[in-house]
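Some notes on the structure that comes next.
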Amino acid sequence: MKWTRRDLLIGLGGLPILGAVWWAGAANTVGSRRKRSEILEQLNITPSLPPAVPGIGGEPVRVGIIGFGIRGEQLCRALGFATENWKEQMRLAAQEDANNHALEDFMGQEKLNVKLVGICDVFDVRADNFIDSFSTPENPIKRYITYKDMIGSGDVDAVVIATPDHWHAPISIEALNHNVHVYVEKPMTHTVGETYLLRDAAKNSKAVLAVGHQHRQTLSFSTARDIVEKGTLGHVSLIQTNTNRNDDNGAWNYDIHEKASPETIDWEQFLGSAPNVPFNKNHFFRWRKWWAYGSGLSGDLLTHDYDRLNCVLNMGIPSSVSASGGIYTHNDGRNVPDVIQVNMEFPDYSTGSSQAKGKEKGMTFCYSATLGNGFNRPTILMGHDATMELGNKLTIWPDGASTRYAEMIEAGKMNPGVPIYQYNPAANVPDAISSATSQYFADKGLMWTYIDGVRVDSTFLHMREWLSVIKNGGKVSCGINEGFEEAISAHMAGLSWKLGRKIEWDPNTEMLKPIEGIDFDEVLLANGTWDVKPEMVG
1 MKWTRRDLLI GLGGLPILGA VWWAGAANTV GSRRKRSEIL EQLNITPSLP PAVPGIGGEP
61 VRVGIIGFGI RGEQLCRALG FATENWKEQM RLAAQEDANN HALEDFMGQE KLNVKLVGIC
121 DVFDVRADNF IDSFSTPENP IKRYITYKDM IGSGDVDAVV IATPDHWHAP ISIEALNHNV
181 HVYVEKPMTH TVGETYLLRD AAKNSKAVLA VGHQHRQTLS FSTARDIVEK GTLGHVSLIQ
241 TNTNRNDDNG AWNYDIHEKA SPETIDWEQF LGSAPNVPFN KNHFFRWRKW WAYGSGLSGD
301 LLTHDYDRLN CVLNMGIPSS VSASGGIYTH NDGRNVPDVI QVNMEFPDYS TGSSQAKGKE
361 KGMTFCYSAT LGNGFNRPTI LMGHDATMEL GNKLTIWPDG ASTRYAEMIE AGKMNPGVPI
421 YQYNPAANVP DAISSATSQY FADKGLMWTY IDGVRVDSTF LHMREWLSVI KNGGKVSCGI
481 NEGFEEAISA HMAGLSWKLG RKIEWDPNTE MLKPIEGIDF DEVLLANGTW DVKPEMVG
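If you count the sequence shown from 1, position 48 lands on 48 in UniProt numbering, and the numbers rise without skipping.
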């Protein structure tokens, strides 16, 4: 008899979550059920439900949006506001593909107690699009020429910052100094120095800061945390995580708007602290390709993988980072690498051990990225007792040399070639993926999660959490402390690539270990790699 999804749920004792929790080889036989029960009892893993979030009651939170580009529009949709153009595109997409539920999901999304009151964008077309889409006679939306005008107006309770990276910290600090709540995209800062300034501002402010690592709402990650804490994997000594992209959009060659010109773009304000170069459409729309505005693979994509593993392992800042790579797939004038390999060392980290005390300690976090190949390489956590593949779902394989599972492997109750546990909250939920880049984010668990079999935008959950904390108090899942660890770790990777040497962290001083003659922020902002004099290399 076939082992059905209903059987699985009943067999697991009525776990309060829909999805698939599966043991390979399970069948409706007494012997198999006994084996299965024995394994599940030993693993003692419970699929996680999202934490309860208090309601966002009272007066609406007055929100101003700073930056209404690609990510800015996505964040607005998470708040419950979509442009008519996007809704029409999704309506047509649903007609072409019945599995495309983007519009249906948006329309069914819980309404948040939010009032959009202002827009600040240096591109007239985007600002006009925002006002045309969301301004009403009852709620006229104001355009602010500068972020300082918006923050100082007294008309906003909170701001959402979706600008190029070099503006994240200055705007966040300004808002926090005015006790205006902040939701800022990653990476939290553009330089090492900014990271400390922003931490100080957050700690001295009455406002709530949340960093946009929405994957902290993904249920497979919270389940993975439970798995690690219970010692299921044993001592994890190696993590392998990757970026795999092979299209121009994934390489940040975004479309250049036909109406872009010096008349429609406030170029001087866009540049801010960046070098004063002539107006350049390529730089404006594809800013991620230059260190002056962006943070490269280390700050843009490594940060996703670092933080989603940090929320599982709570590993903190590495003791050292080494990076290599280059511009090997898109030699188009960019100065950030498009291929990179980063090794982060955690020599004192431990997830616990099933072996003799003192035998196991330390872990390497290995991040590998290319923008020239889209072959899917999953995220793997390699432990002495088991290996876990982690994304929107998770799977665990026992290790043939495991100490913890030795008896069960010897008895034939476990097979190293067969998974002993799989959690897939998306079971039987068809999803349409619109692009290779979307597939990349979906596989990593960065786009959505599933609650009781219903797909939910994880960015919506992350922003709802932020708004709830604003109204009710509490703690966001990714605040200034988590953002600090993410930013410092990413900056260490960028510095290592540029300097061609190991970058070290001193946990006692909470500072990067200095290198004689080197200004770390000057290096981070420079174009490309940095020439290090021989005497500077220890």
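Cβ coordinates follow ideal geometry from the N, Cα and C atoms, glycine included.
Hey, could you find the ends of the beta strand (DSSP E) Glu360 is sitting in?
Residue numbering aside, residue 360 sits at position 360 when the sequence shown is read from its first letter. Per DSSP, Glu360 belongs to no beta strand (DSSP E) and is neither H nor E.
Fill in: Separation of Gly383 from Ser237, as counted between CA atoms
Within the sequence shown, the letter at position 237 stands for residue 237. Within the sequence shown, the letter at position 383 stands for residue 383. For Ser237 and Gly383, the gap between their C-alpha atoms comes out near 6 Å.
For the stretch 171-183 and the stretch 223-237, state whether three or more C-beta atom pairs, one from each stretch, are separated by less than 8 Å. no
| For the alpha helix (DSSP H) that contains Met382, what are its first and last residues? | The residue labelled residue 382 in the question sits at position 382 within the sequence shown. It is not in any alpha helix (DSSP H) - Met382 instead sits in the beta strand (DSSP E) that spans 379-383.
Buried or exposed (CB count within 10 angstroms, at least 16 for buried), Ala202: Indexing the sequence shown from 1 puts residue 202 at position 202. So Ala202 counts as buried.
Q. For Ile256, which of His283, Leu271, Glu268 has the nearest alpha-carbon?
A. Your numbering for residue 256 matches position 256 in the sequence shown. For Ile256, the nearest C-alpha among the options comes from His283.
Does the beta-carbon distance from Asn246 to Lys206 come in below 8 Å? Against the sequence shown, residue 246 aligns to sequence position 246. Against the sequence shown, residue 206 aligns to sequence position 206. Their beta carbons are not under 8 Å apart, which means Asn246 does not touch Lys206 by this criterion.
**Coarse secondary structure for Glu522, derived from DSSP in three states** = Locating residue 522 in the sequence shown gives position 522, where the first residue counts as 1. Three-state result, Glu522: helix.
Would you kindly work out how many angstroms separate the C-alpha atoms of His168 and His213, rounded to a whole number?
By one-based count along the sequence shown, residue 168 stands at place 168. By one-based count along the sequence shown, residue 213 stands at place 213. When rounded, the distance between both Cα atoms is 14 Å.
Given this structure, state the Cα-to-Cα distance separating Lys111 from Lys148, to the nearest angstrom. Residue numbering aside, residue 111 sits at position 111 when the sequence shown is read from its first letter. Residue numbering aside, residue 148 sits at position 148 when the sequence shown is read from its first letter. Each residue's Cα considered, the two are about 29 Å apart.
Exercise. Under three-state DSSP, which class holds Thr195?
Worked result: To locate residue 195, count along the sequence shown from 1; it is residue 195. In the structure shown, Thr195 sits in a helix (DSSP, three-state: H, G or I).
Query raised in the report: For Met150, which residues from the same chain have a beta carbon less than 8 Å from its beta carbon, with the 5 sequence-adjacent residues on both sides left out?
Result: Stepping through the sequence shown from its first residue, residue 150 is reached at position 150. Closer than 8 Å at Cβ, skipping near neighbours: Gly64, Ile66, Gly118, Cys120, Tyr144, Val156, Val159.
Margin query: Report the start-end ranges of each alpha helix (DSSP H) in the stretch 61-120 that is 4 residues or longer and not cut off at the edges.
Written below: 70-79, 84-96, 102-107
Item checked: Cβ shell of Ser354 (< 6 Å), same chain only, five flanking positions each side left out -> By 1-based counting over the sequence shown, the position of residue 354 is 354. Answer for Ser354: Gly234, Asp385, Thr403, Arg404, listed in chain order.
Q. Since Leu525 and Trp290 are thought to touch, with beta carbons under 8 Å apart, how far apart are those beta carbons, to the nearest angstrom?
A. As a first step, residue 525 is located in the sequence shown; it is residue number 525 there, counting from the start. As a first step, residue 290 is located in the sequence shown; it is residue number 290 there, counting from the start. The Cβ separation is near 10 Å, so there is no contact.
- request: Enumerate in chain order the residues of its own chain whose CB-to-CB distance from residue 542 is below 8 Å, with the five nearest sequence positions on each side excluded.
  value: Here the chain has residues from 1 to 538 only, and residue 542 is not among them.
* Asked: alpha helix (DSSP H) containing Asp506: first to last residue?
  -> Translated into the one-based positions of the sequence shown, residue 506 becomes position 506. Looking at the DSSP string, Asp506 is not in any alpha helix (DSSP H); the run it does join, the beta strand (DSSP E), is 503-506.
| request: Report back the beta-carbon spacing between Tyr328 and Gly372 to the nearest angstrom; my notes put them in contact at under 8 Å. | output: Here residue 328 refers to the residue found at position 328 when the sequence shown is read from its first residue. Here residue 372 refers to the residue found at position 372 when the sequence shown is read from its first residue. Confirmed, about 7 Å.
Taking 8 Å as the limit between beta carbons, can you name the residues of its chain near Leu301, skipping five residues before and five after? If you number the sequence shown from 1, residue 301 lands on position 301. So the list reads Thr243, Ala369, once near-sequence residues are dropped.
Practice task
Label Gly517 either buried or exposed according to how many other C-beta atoms from any shown protein chain fall within 10 Å of its C-beta, with 16 as the threshold for buried.
Solution key: Reading the sequence shown from its first residue, position 517 is the one you call residue 517. The residue in question, Gly517, is exposed, as its Cβ has fewer than 16 Cβ neighbours within 10 Å.
Continuous beta strand (DSSP E) stretch holding Ser322: start and end
As a position in the sequence shown, residue 322 is number 322, starting the count at 1. Segment 320-326, the beta strand (DSSP E) holding Ser322.
Original post:
Can you give, in chain order, each stretch of the alpha helix (DSSP H) that sits fully within the stretch 392-425 and has at least 4 residues?
Top reply: List check, alpha helix (DSSP H) in window: 406-410.
Check this for me: beta carbons of Lys513 and Trp505, under 8 Å apart or not?
Your numbering for residue 513 matches position 513 in the sequence shown. Your numbering for residue 505 matches position 505 in the sequence shown. The answer is yes: Cβ separation under 8 Å.
Exercise. Give the range of the alpha helix (DSSP H) segment to which Met492 is assigned.
Key: Translated into positions along the sequence shown, residue 492 becomes position 492. Looking at the DSSP string, the run of the alpha helix (DSSP H) that includes Met492 is 480-499.
Checklist entry - Excluding the five sequence neighbours on either side, which residues of its own chain have a C-beta within less than 8 Å of the C-beta of Met414, listed in chain order? => result Residue 414 sits at position 414 when you count from the first residue of the sequence shown. The answer, listed in chain order, is Ile39, Pro398, Tyr405, Met408, Ile420.
Which partner residues does Arg143 have in the DSSP bridge list?
Counting from 1 along the sequence shown, the entry for residue 143 is found at position 143. Per DSSP, Ile119.
- request: Determine the direct distance from the alpha carbon of Glu345 to that of Gly318, and round the result to whole angstroms.
  value: Counting from one through the sequence shown, the residue named residue 318 turns up at place 318. Counting from one through the sequence shown, the residue named residue 345 turns up at place 345. With the sequence shown as reference, residue 318 is identified as Pro, and Gly is not the correct amino acid for it. Cα to Cα, Pro318 sits roughly 5 Å from Glu345.
- Message: Suppose contacts are defined by Cβ-Cβ distances below 8 Å. Is Asn424 in contact with Lys393 by that definition?
- Response: To locate residue 424, count along the sequence shown from 1; it is residue 424. To locate residue 393, count along the sequence shown from 1; it is residue 393. Yes, they are a contact pair.
Who pairs with His181 in a beta bridge, going by DSSP? Counted from its first residue, the sequence shown places residue 181 at position 181. Partner(s): Ala158.
Item checked: Cβ-based neighbour list, Gly58, same chain, cut-off 8 Å, excluding 5 preceding and 5 following -> Locating residue 58 in the sequence shown gives position 58, counting from the first residue. Excluding sequence neighbours, Gly58 sits near Asn113, Lys471.
Residue of Ile340, Val61, Asn44, Ile515 minimising C-alpha distance to Arg464
Position 464 of the sequence shown, counting from 1, holds the residue named residue 464. Nearest C-alpha to Arg464: Val61.
Supposed contact pair Ser496 and Ala323 - C-beta distance, whole angstroms, cut 8 Å: Here residue 323 refers to the residue found at position 323 when the sequence shown is read from its first residue. Here residue 496 refers to the residue found at position 496 when the sequence shown is read from its first residue. The pair is a contact, with the Cβ atoms about 4 Å apart (cut-off 8 Å).
Practice task
Out of Gly333, Leu461, Asn481, Glu88, state which residue places its alpha-carbon closest to the alpha-carbon of Pro54.
Solution key: In the sequence shown, residue 54 corresponds to position 54, counting from 1. Selected option, being the one with the closest Cα: Leu461.
- Item | Close-in-space but distant-in-sequence residues of the same chain around Gly69 (CB under 7 Å, 5 per side omitted) | The residue labelled residue 69 in the question sits at position 69 within the sequence shown. If you ignore the 5 residues before and after Gly69, its C-beta comes within less than 7 Å of the C-beta of Arg126, Ala162, all in its own chain and listed in chain order.
Quick check: what's the CA-CA separation for Glu360 versus Trp267? Counted from its first residue, the sequence shown places residue 360 at position 360. Counted from its first residue, the sequence shown places residue 267 at position 267. So the two alpha carbons sit approximately 54 Å from each other.
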